[in-house]
Amino acid sequence: MKTIYLLLISTVLIVSGCSKENNINVQDPTLTIEQIADQYLEAWNNKDLVTLDQLTANDGEYYGSDPQEIMDKNGLMEMYAQFFTDTTSSYLYTVEMRKIKVSPNNNSALIMERITFPAWSPKMPMCQTSHLTLVGDEWEIDFICWGFIIKNDDVPNVNDIL
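Be aware that the sequence shown starts at 1029, since it is given in our numbering, and climbs by one per residue.
Here you go:
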């Protein structure tokens, strides 16, 4: 009788160990968002307006580092075009840190990046915050906000200068 139970238990373990899970092909949305963030960075540094246009939502809201820079998509693309035609400054940037937070329902995500423009603003990094929404099966950047980052200890000095 013990032999039958051991044989039955062994068979159940072997069969359960060989079964396939149905959700193995589900891609982690964080990886997809990471790829989009990399694609955005590459498009910016290559002055690729077509790709930047494709990545951003038509009904998005975009806020530059200057208080006057409150833009819709057309304004954003115009600003990008101005940066790309400026030959006096380099607006190439690098990402020093990136954090991605995907919503629990996997339909939206936030990207926070600390970015540095070595030739344009070497002493003051920026924070680039983006919001992405899943529309159908495509992710769109529907919000971007940029802001300069200064250390708390430097605030009085900056206030004195301004």
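Think of the CB as a built atom: it goes at the ideal place given N, C-alpha and C, for glycine as much as any other residue.
| Check | Outcome |
| --- | --- |
| Beta carbon of F1176 nearer than 8 Å to that of M1140 | no |
| The alpha helix (DSSP H) enclosing W1072, as first and last residue numbers | P1057 to N1073 |
| Bridge partner(s) assigned by DSSP for Y1091 | I1098 and C1173 |
| Burial state of Q1156, where buried means 16 or more other Cβ atoms lie within 10 Å | buried |
| Collapsed DSSP secondary structure at V1054 in the structure displayed | Low confidence applies to V1054: its pLDDT is 49, below 50, so where it sits in the model is not reliable, and the reading given next is rough at best. Three-state DSSP puts V1054 in coil, outside helix and strand. |
| Span of the beta strand (DSSP E) around L1138 | S1136 to F1145 |
| Beta-carbon proximity check, F1111 vs L1077, cutoff 8 Å | no |
| Cα-Cα separation, F1171 to V1183 | 27 Å |
| Exposed unless 16 or more other CB atoms sit within 10 angstroms - verdict on S1158 | buried |
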